[in-house]
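One structure is given below, encoded as C-alpha cells.
Residue numbers (the working numbering): 101 to 190.
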C-alpha cells in the first residue's frame, strides 16, 4: 500500500507543477497586455483581474483534474500489469 501512496503523491506533484507552469504561461501573456503604448492601463488590469483571472482558475482546475486522472490511471494500470506479470512468472 505504501507503493500506491508514493505513486499518488509523485503523480500529484508532477501534475501540479506541470499545470501551474501552463497556467502561469497563459496568465503571463494576459497580464502583459495590461501595458499599452502609453504605459500601464488600469482598465486593462481590471479586465485581467475580473475576466481573465477567473478563466485562468477554471483552466487550472480543469487541466489539473484531467492530467491527474490520466496520470493515476496510467500508474494503476502499470501496477496491475506488473502484478499480473509477476503472477504469470510465479
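Heads up, the beta-carbon is just placed ideally off N, CA and C, and yes, glycines get one too.
Since the model is a prediction, treat every value here as computed from it, not as a measurement.
The alpha helix (DSSP H) runs of length 4 or more contained entirely in the stretch 124-176 are, from start to end of the chain, 142-147. In the assembly as shown, residue 115 is a buried residue. Its beta-carbon has 16 or more other beta-carbons within 10 Å. Excluding sequence positions up to five before and after residue 130, its CB lies within less than 7 Å of the CB of 148, 152, all in the same chain and listed in chain order. Residue 112 and residue 165 have their C-alpha atoms spaced approximately 10 Å apart. Just so you know, the alpha carbons of residue 186 and residue 117 end up roughly 33 Å apart. Sorting 155, 154, 132 by C-alpha distance to the C-alpha of residue 144 places 132 at the top. Per the coordinates, the alpha-carbon of residue 110 lies some 19 Å from the alpha-carbon of residue 181.
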